[in-house]
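Asker:
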Amino acid sequence: MRPVIIAANWKMNTTPADAGELAATIAARTEEPGVIRVICPPYVCLAAVRDALAGKNVAVGAQNVHHEQAGAYTGEISASMLAGLATWVIIGHSERRRDEFESDELIGKKLARAIGAGLRPILCVGEVLAEREAGRAVEVVATQLRGALAGKDVEALTAAGFVIAYEPVWAIGTGRTASSADAAAMAEAIRSTLAADLGWGRLAEDVPVLYGGSVTSANIGEFLGEHSIDGGLVGGASLKPDEMAGMVARAAMTAKARAGAEGEPA
Ligand code: PGA
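Below, the structure written as structure tokens:
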């Protein structure tokens with residue numbers, strides 16, 4: 007049974023002075039059984055959020071990591087530097103693909119560094135609007151997956167709890183979402199690409215696929231109602247405790263339903 011995950015991507019918001027309090031408030035408002043909660047603040051807020059979440063069963067994630075271990079890379083942060091600060095990391099977010107020109111190959115190197123350092127990666131994939139409208143969304147996402155994952159150690163990735171977030175670029179921060187049917191179809195296509203093209207076989211079924219792109223407490227139920235979708239990667243709404251409370255409460259319903267279905271006799 008795949009876990010249900012709500013991951014908060016705070017992007018370039020909060021400061022070391024206020025991030026801890028926000029994280030603690032969210033933790034207190036989202037104490038629901040069965041849901042994995044992750045908060046990904048900016049690097050400079052990681053320590054404050056870690057301290058605020060101590061003993062609270064909410065994981066801390068970074069929003070990016072460098073593909074090298076150490077060296078002359080001004081302004082960068084390596085996977086090993088995150089030890090003790092974060093246990094998860096977002097990799098290949100579309101804002102970094104767009105603004106920092108991250109390629110699938112580079113993203114693949116980051117993934118390898120992340121799992122090498124014991125971090126649990128969330129790999130982001132997704133098409134832009136023109137690609138969706140041209141009927142090329144599945145092909146684009148499959149290309150991203152092949153580019154980042156070809157030749158990677160499947161066992162190591164799955165052992166690290168590797169997660170994929172399907173985030174259609176045109177839905178991020180726009181208030182517009184994919185339909186739940188389209189998102190579910192993409193989640194299925196992602197697992198088929200892993201299973202068939204990349205040779206992951208049955209292990210592909212165990213990979214959680216999250217939906218991201220303008221997720222709120224009002225619409226998350228549509229996505230969680232789809233069996234192939236295992237939670238959300240949430241940007242804007244994740245900075246609001248009320249929204250986080252609503253989303254995690256809805257996710258807990260899905261987690262409970264799944265646990266119940268699993269427990270039923272065949
Ligand atoms: P959004 O961002 O929820 O603000 O659309 C999602 C993301 O980029 O991860």
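The sequence shown begins at 7 in the numbering used here and counts up by one. By construction, the Cβ of each residue, glycine as well, lies at the ideal position given by its N, Cα and C atoms. In this text, all values refer to a predicted model and were calculated from it rather than measured experimentally.
#1: Please determine whether the Cβ atom of Val221 lies at a distance below 8 Å from any heavy atom of the ligand PGA.
#2: Does the distance from the CB of Leu209 to the CB of Leu200 come in under 9 Å?
#3: Return the bridge partner residues of Tyr217 from the DSSP annotation.
#4: Would you grab the beta carbon distance between Ile45 and Ala14 for me? Rounded to a whole angstrom, and I think it's under 8 Å.
#5: Comparing C-alpha positions only, which one of Leu112, Ala177, Arg256 sits nearest to Arg152?
#6: Given a cut-off of 9 Å, decide if Leu245 and Trp94 are closer than it, judged by their beta-carbon atoms.
#7: With which residues is Ile128 paired in a DSSP beta bridge?
#8: If you follow the alpha helix (DSSP H) that Gly77 is in, where does it begin and where does it stop?
#9: On a CA-only basis, which of Gly227, Gly40, Gly26 is nearest Ala265? Give me that one, please.
#10: Identify which residue in Ser86, Glu268, Ala140 has its Cα closest to the Cα of Gly122.
#11: Taking Ala257 and Val10 to be in contact with their CB atoms under 8 Å, please state how far apart those CB atoms are, rounded to whole angstroms.
#12: Rank Leu28, Met253, Leu91, Ala136 by C-alpha distance to the C-alpha of Asp236 and give the top, closest one.
#13: Return the residue from the list Glu37, Ala25, Ala34, Gly238 that minimises the CA-CA distance to Val50.
#14: Is Gly237 near the ligand PGA, judged by its Cβ being under 8 Å from some heavy atom?
#15: Would you tell me roughly how many angstroms separate the C-alpha atoms of Leu117 and Asn19, rounded to the nearest one?
#16: Touching or not, the region 160-178 and the region 212-231, by the rule of three or more beta carbon pairs under 8 Å?
#17: Please confirm whether Arg119 and Ala92 have their CB atoms less than 9 Å apart.
#18: Looking at the structure shown, is Ile121 part of a helix, part of a strand, or coil, going by DSSP?
#19: Go through its chain and collect everything with a Cβ distance to Lys62's Cβ below 6 Å, but skip five positions before and after it.
#20: Within 8 Å: the Cβ of His72 and any heavy atom of the ligand MG?
#21: Taking only the alpha-carbon atoms, compute the straight-line gap between Ile128 and Ala53 and give it to the nearest angstrom.
#22: Check whether the region 96-112 and the region 138-148 are in contact - that is, three or more C-beta pairs closer than 8 Å.
#23: Just tell me which of Ala267, Glu268, Gly227 has its CA closest to the CA of Ile12.
#24: Straight-line CA distance for Glu74 to Ala267?
#25: Just checking Lys246 against the ligand PGA - is the residue's beta carbon closer than 8 Å to any of the ligand's heavy atoms?
Answerer: On the basis of the data shown:
#1: yes
#2: yes
#3: Tyr172, Gly238
#4: 5 Å
#5: Leu112
#6: no
#7: Ile96, Val169
#8: Here Gly77 belongs to no alpha helix (DSSP H), and DSSP marks it neither H nor E.
#9: Gly40
#10: Ser86
#11: 5 Å
#12: Met253
#13: Ala25
#14: no
#15: 24 Å
#16: yes
#17: no
#18: helix
#19: Ala33
#20: Within the structure as shown, the ligand MG is missing, the only ligands being the ligand PGA.
#21: 20 Å
#22: no
#23: Gly227
#24: 43 Å
#25: no
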